[in-house]
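These protein sequences, in sequence, are chains A, B, C and D. The numbers in numbering that gives the first Met the number 0 rise by one with no breaks, and the one at position 247 of the first sequence is 246. The numbers in numbering that gives the first Met the number 0 rise by one with no breaks, and the one at position 279 of the second sequence is 278. The numbers in numbering that gives the first Met the number 0 rise by one with no breaks, and the one at position 89 of the third sequence is 88. The numbers in numbering that gives the first Met the number 0 rise by one with no breaks, and the one at position 235 of the fourth sequence is 234. Note that the Cβ used here is the ideal one computed from N, Cα and C, for glycine as well. Down below is the structure, laid out as structure tokens.
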Amino acid sequence: MSSATEPATEIRYIDALNAGMATAIEEDERVVLIGIDVGASGGIFRVTKGLFDRFGPERVIDTPISEMGFVGAAVGAAMTGLRPIVEIMFMDFVGVCMDPILNQAAKLRYMTAGALEIPVVFRMQTGAGKSAGAQHSQSLEAWFAHIPGLKVVMPATVADARDLLLESVRDPNPVVFVENRRLYASKGDVEADPLPLGKARVAQAGDDVTVVTWGQMLRRCLAAADEGPASLEVIDLRSLVPLDMETVIESVQRTGRLLIVHEAVQDFGAGAEIAARVGDQLFDELRTPVRRLGAPSVPMPFSPDLERALLPTSKAISAAAQALKAEG
Amino acid sequence: MSSATEPATEIRYIDALNAGMATAIEEDERVVLIGIDVGASGGIFRVTKGLFDRFGPERVIDTPISEMGFVGAAVGAAMTGLRPIVEIMFMDFVGVCMDPILNQAAKLRYMTAGALEIPVVFRMQTGAGKSAGAQHSQSLEAWFAHIPGLKVVMPATVADARDLLLESVRDPNPVVFVENRRLYASKGDVEADPLPLGKARVAQAGDDVTVVTWGQMLRRCLAAADEGPASLEVIDLRSLVPLDMETVIESVQRTGRLLIVHEAVQDFGAGAEIAARVGDQLFDELRTPVRRLGAPSVPMPFSPDLERALLPTSKAISAAAQALKAEG
Amino acid sequence: MALIRAFETRVAELYRDGEIPGFVHTSLGQEAVAAGVGGALQDDDYIATTHRGHGHCLARGMDVNGMMAELFARGEGLCHGKGGSMHVADPSQGVLGANAIVGASLPLAVGAGMSSKLLGQGRVAVAFFGEGAVNQGAFHEAANLAAIWDLPTILVCENNVYAEFSDSRTLTRVPSIVERAASYGIEAAIVDGNDVDAVYRRTIDAAARCRDGRGPFLIEAETYRWHGHYEGDAQPYKPEGESEEWREKDPLEISAARLLRSGEAGAEELEGIRAEASERVESAIERARELPAPDPEEAYADVFGD
Amino acid sequence: MALIRAFETRVAELYRDGEIPGFVHTSLGQEAVAAGVGGALQDDDYIATTHRGHGHCLARGMDVNGMMAELFARGEGLCHGKGGSMHVADPSQGVLGANAIVGASLPLAVGAGMSSKLLGQGRVAVAFFGEGAVNQGAFHEAANLAAIWDLPTILVCENNVYAEFSDSRTLTRVPSIVERAASYGIEAAIVDGNDVDAVYRRTIDAAARCRDGRGPFLIEAETYRWHGHYEGDAQPYKPEGESEEWREKDPLEISAARLLRSGEAGAEELEGIRAEASERVESAIERARELPAPDPEEAYADVFGD
Ligand SMILES: Cc1ncc(C[n+]2csc(CCOP(=O)(O)OP(=O)(O)O)c2C)c(N)n1
Ligand SMILES: Cc1ncc(C[n+]2csc(CCOP(=O)(O)OP(=O)(O)O)c2C)c(N)n1
Ligand SMILES: [Mg+2]
Ligand SMILES: [Mg+2]
């Protein structure tokens, strides 16, 4: 279905995730995929489509609705030789299975002085804007970033969906891998511009205002950059842990202005950490205060109209960036 | 055991908590206390001592080790007429019972457009520095502050232990009430300087550097203030939600310098939010960058020596404050 | 049942046509469980339910207009457009809400049972849940608590064969929920979930036990999900012929046949009930279509009370 | 058993005297469970245990010196002083660690069973847990998973009567863990947890089943916690005479009497075993006392691997 101008490697984000998993399962016999309906039916969003047929029930494992049990089992399996990819269907569901992530996966390497290695990927998706309601729309990446011992990865592009997933599986550490379901159908070049896990990407170069973002907000930030007239440098963070402050600092040193945009609730969100660091490290170089744009402190409402009004729009991003430029 | 100079109202933090609960249970027949061994045995730290004998098994309710079940039940009870105080023994254990806090208590008032009221207090304790290990030493207040719909209260003084607990029980909203076990044995005047929930306290007035803190770090900050020579204004935040930025802003406007100190891991911790806000709102008034002092991004080790080295000391706080003063 | 059938049938269509946003899970084929339980409860009893909760709410007497408006995300919806299909609630009717977290209804209903017991109210709390939810820790912990505290809580498991796309019998070695109940010392009974009278009688008994202070009871209602897990699910995982078999056991037909046989109702009367149900639903739809979206201010209201 | 007894006795004293920091939970009185299970396992089998895990670790062959040094929070401790009593581990011995979260050992051992099965290793994974942990959702979910996946996982419940300060029989209507196992389709057996031979035989059988691919087994070992929940707990909640009764069923005495009766060992030999155990523990203590605290750099090591 690709149009004439698309490169041959133009695919959907969701297919890139699928390809990443397929390669991971294929290249290493220790990799298994575990989750509710990830098997024969290909997953609730069809992300794992075809993998069960291709690799069989020993590698692609359906589970009961028992997240505490199967996420914990994935962690135990990772300690003993497997390299599980475990799917938590919605990020909000970590409420029923946080312990194996918080107290087991994140801590056992440390508590055993490195004797245990825990190569597990916790796949989960978020993405407000589909009227999924308050219990199916949360972006909780800040929680995981606050827990030492977890990597936190959030691909925003098709290429990253595949490449970062593969890197996460190959990583010897527990990785929280956050997909955005608003991006599942989006298309892009899967071979574009590879970068290792841990490096932020300058998605759009610019001079006036640095805009740091991740996840579905990347597209809105790029749209804001297109609007002009201020010249925005848009940085896709790609992972919160590791946090590539170097790329951010280098950019803000040039622009003197920083806007941080994320889908998660702004208060006590991950943007605060970046703002705090830049405020500290570039105190003398900032021309204007560091600004943040996230969701307000309310649960996500069901109504599409209300929901739309709570998420940063490209207009709001553009306006915030222009305002920064006008300020100093 | 009070010495000659102590006022008659000098009691321990733990007794103040106990008194707060006793008053709450006494004044409102809808108040019940629920938790593991909170009953006949008076709790693992003896915080609930005597309450079972005084109020009986219908008001002070022992539970099996089933946090998901009894925390969820407390939320259901709060929706239907009771006002439960539910004890989660260690804050780290929220890993097994986050859903009723995250997805039920915090959201159901909103999702029902105010038709459901959920007056529940989630008591939990934290407090590193006792070699309790990585699974019993975490300060996760930033998690709760990031979730719209929850109040987050952290008493640091004996008077607040009682008064804020009572106010939390009387509050019509879900409150995460974080005790610090390092303070349990500490003594103070239970009648000192009452302030409503939502107001920060200027625990020590000063001119050079504003120090914002909460929980067990308050004492270290006060000790640092005593050390001099810089004159520190120490603010005890008392609650993260509501967040009394007014008091913070007013102080930093005078001092021009801000240091934030907390026991939790610094990265993506609650201090970042305060730093981000002050950096934004007082951009032109800050004389020096906003600095933070928290635990480094590692799980809390068992060894007392290692643990000690990870928590901010009064010396380190003092040094950071002096450095700020020297900077500008 | 006629009302639920009419409501769900139209909701499925409206969702397909894009008039209802979000996720929608209908209870077509399972109407007898909702109606049987709902009919047996008293006005001030509580229910806590699931993502598949429309029927339970309607049987509890929830306002059809308010509910439809909520599904349409209107400001005059029961939850002002902030809940939606998965979270529709009306505490004034004892409905603590649909709930989008599998298993969450159970601890909530245990808590409602605590309130009733400790405040001496004699109210019964019902937790609806699917057989898929039984594998969640929340089920286990809640069942045990209800048992040791002798709470007036009825655990109603709607065993509709599937949990999402999986046959639930493959997800445990002991598919009988009644057997599982025994491990908590909870008395339980299987009931034909497509027979509204059977469900009703069981619930009446269970509620009487609860009000007598004899503690919880578990009802396993055997039924079948006619539609997909959510609207739009093509259900490739269902074996051929299975749906047809179950459609023959249509709870509405079973009940109608019985009423006609016994002479309790005539064909015309039944037709009238169906027609009225249909009318109520259509009028709720018309009304909902005309209603405005919530006021933008609504997004910021009701986070905290004071 | 002699080694566990000597170790725990001294650890209790050292904790009381402030030589060991943190929280300590000893397994005095429960030695036969650890020894019986430990003796029945093969070298490459796995165990995952609890806050009360010293005995299980020692029976698995964990280095006494390294363990004691760890409890003393020394840099040469098995976990470099970063784990401590509640987290002592030695993966090279198949010990996935003590664990301070009640119920956490179960999913971990299920995962170890998955590894063994999927990698075709024939290794058995044991989850130790207390009877108090059975009320946790993690137990429920893990048991079900082990059953449906036919995993080589043995669930060993040490029923020592108390969960913290509560008599566990008051925390459920069905105190029999074996009965609960049935609700997952898991075969199970009660065993006298103070009889090391009985525990050993049961474990041998269960492990053989596992290796044959016949799936999990649950062992409920009835025993008793001599000391408080943690060291320092005065145990006012224990009924008078109960402790004394159980002390009469001392697992070491029972085993010694049997060996003497059967002639398998003489009094001197047994004395020698006890003396050697005591010596090993004393020498571990002496050694630990002399060792330095961890290097400060240690605090920052092992957060991530690369
Ligand atoms: C904690 C959690 N895990 C997974 C899901 C996704 N999910 C929603 S409904 C469902 C199936 C529920 O099956 P069952 O309990 O049998 O109810 P039914 O849909 O058949 O009514 C699943 C897996 C969820 N909402 N919450
Ligand atoms: C999730 C969780 N809840 C509560 C605790 C506190 N706690 C530690 S041990 C324990 C009692 C455990 O009882 P049981 O399982 O019978 O083991 P035993 O101590 O008797 O060996 C409790 C409640 C905990 N560590 N983790
Ligand atoms: Mg079902
Ligand atoms: Mg026990």
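Residue i: CB within 7 Å of a non-hydrogen atom of ligand 4
| i | result |
| --- | --- |
| valine 26 (chain D) | The question names valine, yet the displayed sequence has serine at residue 26 (chain D). No, the beta carbon of serine 26 (chain D) sits no closer than 7 Å to any heavy atom of ligand 4. |
| serine 33 (chain D) | Correcting the residue type first, residue 33 (chain D) is alanine in the shown sequence and not serine. False, no ligand heavy atom lies under 7 Å from that Cβ. |
| glycine 348 (chain A) | Shown here, chain A extends from 0 to 327; a query on residue 348 (chain A) therefore has no answer. |
Limits of the beta strand (DSSP E) - the one that residue i falls within
| i | result |
| --- | --- |
| arginine 82 (chain B) | 82 to 89 |
| glutamine 124 (chain A) | 120 to 125 |
| valine 260 (chain A) | 257 to 264 |
| isoleucine 253 (chain C) | Premise fails: isoleucine 253 (chain C) lies in the alpha helix (DSSP H), 250 to 261, not in any beta strand (DSSP E). |
| leucine 231 (chain A) | 231 to 235 |
Cβ-heavy atom distance, residue i to ligand 2, below 7 Å
| i | result |
| --- | --- |
| serine 167 (chain C) | no |
| alanine 137 (chain C) | no |
| isoleucine 35 (chain B) | yes |
| methionine 88 (chain B) | yes |
| histidine 228 (chain D) | yes |
| phenylalanine 92 (chain B) | yes |
Limits of the alpha helix (DSSP H) - the one that residue i falls within
| i | result |
| --- | --- |
| serine 238 (chain B) | Where serine 238 (chain B) is concerned, there is no enclosing alpha helix (DSSP H), although the beta strand (DSSP E) it sits in stretches over 238 to 240. |
| leucine 50 (chain B) | 50 to 54 |
| glutamine 252 (chain B) | 244 to 254 |
| leucine 165 (chain B) | 157 to 169 |
| alanine 220 (chain D) | No alpha helix (DSSP H) holds alanine 220 (chain D); the beta strand (DSSP E) holding it covers 216 to 221. |
| valine 151 (chain B) | Counting along the chain, valine 151 (chain B) falls outside any alpha helix (DSSP H), though it belongs to the beta strand (DSSP E) covering 150 to 152. |
| glutamate 278 (chain C) | 266 to 289 |
| tyrosine 183 (chain C) | Taken as a continuous stretch (DSSP letters only), tyrosine 183 (chain C) belongs to no alpha helix (DSSP H), as it is neither H nor E. |
Residue i beta carbon near ligand 1 (any heavy atom closer than 7 Å)
| i | result |
| --- | --- |
| threonine 49 (chain C) | yes |
| glutamate 66 (chain A) | yes |
| glycine 102 (chain C) | yes |
| valine 95 (chain A) | yes |
| alanine 99 (chain C) | yes |
| phenylalanine 372 (chain B) | Residue 372 (chain B) lies beyond the residue range present for chain B, which begins at 0 and ends at 327; the question has no answer from this structure. |
Chain C contact residues for residue i, given Cβ-Cβ distances below 9 Å
| i | result |
| --- | --- |
| tyrosine 161 (chain D) | The premise fails here: tyrosine 161 (chain D) is roughly 16 Å from chain C at the closest Cβ pair, so nothing lies under 9 Å. |
Under 8 Å from the C-beta of residue i: neighbouring residues of chain A
| i | result |
| --- | --- |
| alanine 47 (chain D) | Gly75 |
Under 7 Å by beta carbon: chain A residues contacting residue i
| i | result |
| --- | --- |
| alanine 108 (chain D) | Gly75 |
| glutamate 140 (chain D) | Ser65, Met67 and Gly68 |
| lysine 106 (chain B) | Ala133, Gln134 and Pro298 |
Neighbouring residues, chain A, relative to residue i (Cβ below 9 Å)
| i | result |
| --- | --- |
| alanine 132 (chain C) | Ile64 |
| aspartate 279 (chain B) | Ala274, Gly278, Pro288, Val289, Arg290 and Arg291 |
Contacts that residue i makes with chain B (C-beta to C-beta distance below 8 Å)
| i | result |
| --- | --- |
| alanine 144 (chain A) | Asp266 and Phe267 |
Interface partners of residue i on chain D, CB under 9 Å
| i | result |
| --- | --- |
| methionine 216 (chain B) | The premise fails here: methionine 216 (chain B) is roughly 19 Å from chain D at the closest Cβ pair, so nothing lies under 9 Å. |
Chain C contact residues for residue i, given Cβ-Cβ distances below 8 Å
| i | result |
| --- | --- |
| methionine 110 (chain B) | Cys78, Lys81, Gly82, His86, Ala88 and Gly96 |
| phenylalanine 176 (chain A) | Simply none; closest approach about 22 Å. |
| serine 182 (chain D) | Val173, Glu178, Arg179, Ala181 and Ser182 |
Proximal residues of chain C, C-beta to C-beta of residue i below 7 Å
| i | result |
| --- | --- |
| serine 302 (chain A) | Ala72, Gly80, Lys81, Ala292 and Pro293 |
Under 7 Å by beta carbon: chain B residues contacting residue i
| i | result |
| --- | --- |
| phenylalanine 164 (chain D) | Asp36 and Ser40 |
- Just by C-beta distance, which residues in the stretch 78 to 106 of chain D are closer than 9 Å to chain B? Cβ contacts with chain B come from Cys78, His79, Gly80, Lys81, Gly82, Gly83, Ser84, Met85, His86, Asn98, Ala99, Ile100, Val101, Gly102 and Ala103.
If contact means a Cβ-Cβ distance below 8 Å, which residues of the stretch 54 to 66 of chain D contact chain B? Taking 8 Å as the Cβ-Cβ cut-off against chain B, none of the residues of the stretch 54 to 66 of chain D qualify.
Worksheet entry | Residues whose Cβ lies closer than 7 Å to any heavy atom of ligand 3, in chain order | C:Gly129, C:Glu130, C:Gly131, C:Glu157, C:Asn158, C:Asn159, C:Val160, C:Tyr161, C:Ala162, C:Ser167 and C:Arg224
Residues of the stretch 237 to 271 of chain B whose Cβ lies closer than 9 Å to any Cβ of chain D, in chain order: none
Residues within the stretch 40 to 52 of chain A neighbouring chain D, beta-carbon criterion of under 8 Å: Closer than 8 Å at the C-beta level to chain D, one finds no residue of the stretch 40 to 52 of chain A.
Taking only beta carbons into account, state which residues of the stretch 17 to 37 of chain B come closer than 7 Å to chain D, listed in chain order. Ile35 and Asp36
Next on the checklist: By the 7 Å beta-carbon criterion, what residues does the stretch 172 to 199 of chain B contribute toward chain C?
Outcome noted: Asn172
Practice problem: With 7 Å as the C-beta to C-beta threshold (strictly closer), list the residues of the stretch 137 to 171 of chain B near chain A in chain order. | Solution: Using a CB distance below 7 Å, the part of the stretch 137 to 171 of chain B facing chain A consists of Ala141, Trp142, Ala144, His145, Pro147 and Gly148, ordered along the chain.
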